[in-house]
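Below is one structure; the comments refer to it alone.
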Amino acid sequence: DARPGAARDRLLCCLALHEHLTALQMAGLAVPWMRPRIWWVLAAVMGVVPLLLGFALGSSLHQYLSATGLFVMLIAAVREQKPAWGIGALAVGFAAHNAVAIGLAAMSPVAAAACMPDGAGYLAAQLEWIRTGADPEYDWVNWVPAHLHLLLGMTFMALVSMGLLVLVQGMYEVDLMNFYVGNVIAQSDSSAIALFAGWHPWSVIRGFCYVLLTYEVASLSLSLWSGRTLSTRRARAIRWGAALAFFALDMAVKWSTLDVVRSALHANLAP
73 DARPGAARDR LLCCLALHEH LTALQMAGLA VPWMRPRIWW VLAAVMGVVP
123 LLLGFALGSS LHQYLSATGL FVMLIAAVRE QKPAWGIGAL AVGFAAHNAV
173 AIGLAAMSPV AAAACMPDGA GYLAAQLEWI RTGADPEYDW VNWVPAHLHL
223 LLGMTFMALV SMGLLVLVQG MYEVDLMNFY VGNVIAQSDS SAIALFAGWH
273 PWSVIRGFCY VLLTYEVASL SLSLWSGRTL STRRARAIRW GAALAFFALD
323 MAVKWSTLDV VRSALHANLA P
C-alpha cells in the first residue's frame, strides 16, 4: 500500500494488537488454577498469607501483595466470563483476610498497628464516637456526599486499572475497620456484639457493593483494552443494578441504624 500514512497506520494497528494481546495474556495468568477445589482456597491464601507475613515483619506491604494476588484471579475470571468465580474470589479473599486481621488486632494491638496503617487513629475516632456520639463523619451532611464521591472515585479507579487500584484501596480501608473491631472486641463484654456491631452492617453492605462494582468495571475495562466482548448487555445491566442497589441499601441502613449500632457498642464496652 503506497498511500501516504499507510506505514503509520500499519504501525498503529500493530501496536494496538500488541496491547490487546498483552492485556489478554496478563488476564490468563491464573486461568490454569481455575478449578472448584483450588480457586477458593487460593483466594483465601491470597487474603491471609501476605497478612501473616506483614504482621511478622511489621509491614503494610501485605495490602499490596494481597490486592495484586486477588487482582490476577479477578481478571482471569473476567477473561473466562465467570462472574461468580471473580466475585466469589474477592469475597472469600477479603473475608478470610478480615477474620485473621481482627484476631491479630485483638490479640496483639501493638504489632497489628505496625502492619495496619492509620488503624490507631481510626480506632481513637471510633471510640470517641461510641462514647460521646460526636463525630463529623457520621453527620449525614458529610457522609452522604462522601458516599457519592467514593462511588464515582472507585468506579474511575477500577476503569483505569482493571480493578487493581480499587483492591489496593480496599485492603487499606478494611484494615482500618479490622484494627478498630479487634481492639473493640478486646475492650468489650461480648465479643459477638463487638464484632457484628463493630463491623457496621452498612459497611458490610458496602463491601458487597464494591465487590460487584469492581468485577463489572474490570470486565468493561479489559473488554476495552483487549477488543473482546466479555459480557452481554443484559448481564452488565444486572450487575450494575445489583451494585447500585447495594449502594442505596448501604445508605438506607446507615441512616436508619446509626444510633442503634452506637448504643449497642457503647453499652457493650467494659468499664
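The numbering of the sequence shown is our numbering, which starts it at 73 and goes up by one.
For glycine and all other residues, C-beta sits at the position ideal for the given N, C-alpha and C.
Since this is a predicted model, take the numbers as computed values, not measurements.
Apart from the five residues just before and just after residue i, which ones in its own chain have a Cβ nearer than 6 angstroms to its Cβ?
{"i": "F318", "result": "I277, F280 and C281"}
{"i": "L285", "result": "A315"}
{"i": "I174", "result": "N250, V253 and G254"}
{"i": "P181", "result": "N255"}
{"i": "P208", "result": "N214"}
Identify which residue in the options has its Cα closest to the Cα of residue i.
{"i": "M188", "options": "V144, T140 and H134", "result": "H134"}
{"i": "L377", "options": "V121, G165 and V150", "result": "Residue 377 lies beyond the residue range present for the chain, which begins at 73 and ends at 343; the question has no answer from this structure."}
{"i": "S335", "options": "A178, G205, A116 and S233", "result": "G205"}
{"i": "L237", "options": "V213, R107 and S138", "result": "S138"}
{"i": "S328", "options": "D211, L223, R306 and R109", "result": "D211"}
{"i": "Y136", "options": "L129, L123 and M226", "result": "L123"}
Taking 8 angstroms as the limit between beta carbons, can you name the residues of its chain near residue i, skipping five residues before and five after?
{"i": "K326", "result": "W215, H272 and W274"}
{"i": "M229", "result": "L237, V238 and Q241"}
{"i": "G235", "result": "F143, L146, I147, T286, Y287, V289, A290 and S293"}
Quick one: residues in its chain with C-beta nearer than 7 angstroms to the C-beta of residue i, no 5 flanking neighbours on either side, listed in chain order?
{"i": "H338", "result": "I202 and R203"}
{"i": "G345", "result": "Any answer about residue 345 is impossible in this case: the structure gives the chain only from 73 up to 343."}
{"i": "W105", "result": "W111 and L114"}
{"i": "S260", "result": "A266, N340, L341 and A342"}
{"i": "D190", "result": "L248"}
{"i": "N263", "result": "Looking at the sequence itself, residue 263 is Ser, so the reference to Asn does not match. So the qualifying residues of the chain are I257."}
{"i": "L330", "result": "Y210"}
Report yes if the CB atom of residue i is closer than 7 angstroms to the CB atom of residue j, and no otherwise.
{"i": "V283", "j": "L231", "result": "no"}
{"i": "N413", "j": "L195", "result": "Summary: the structure shown does not reach residue 413, with the chain confined to residues 73 through 343, and so no result is reported for it."}
{"i": "V253", "j": "G242", "result": "no"}
{"i": "A102", "j": "M145", "result": "yes"}
{"i": "A168", "j": "G158", "result": "no"}
{"i": "A177", "j": "A184", "result": "yes"}
{"i": "L294", "j": "I147", "result": "yes"}
{"i": "M323", "j": "H221", "result": "no"}
{"i": "N170", "j": "V246", "result": "yes"}
{"i": "V121", "j": "V172", "result": "no"}
For residue i, list the residues DSSP reports as bridge partners.
{"i": "L114", "result": "DSSP lists no partner for L114."}
{"i": "L341", "result": "S260"}
>> Closer than 8 angstroms is the cut-off here; do at least three beta carbon pairs connect the segment 144 to 153 with the segment 295 to 305?
In response: Yes: the two stretches touch, three or more of their Cβ pairs being nearer than 8 angstroms.
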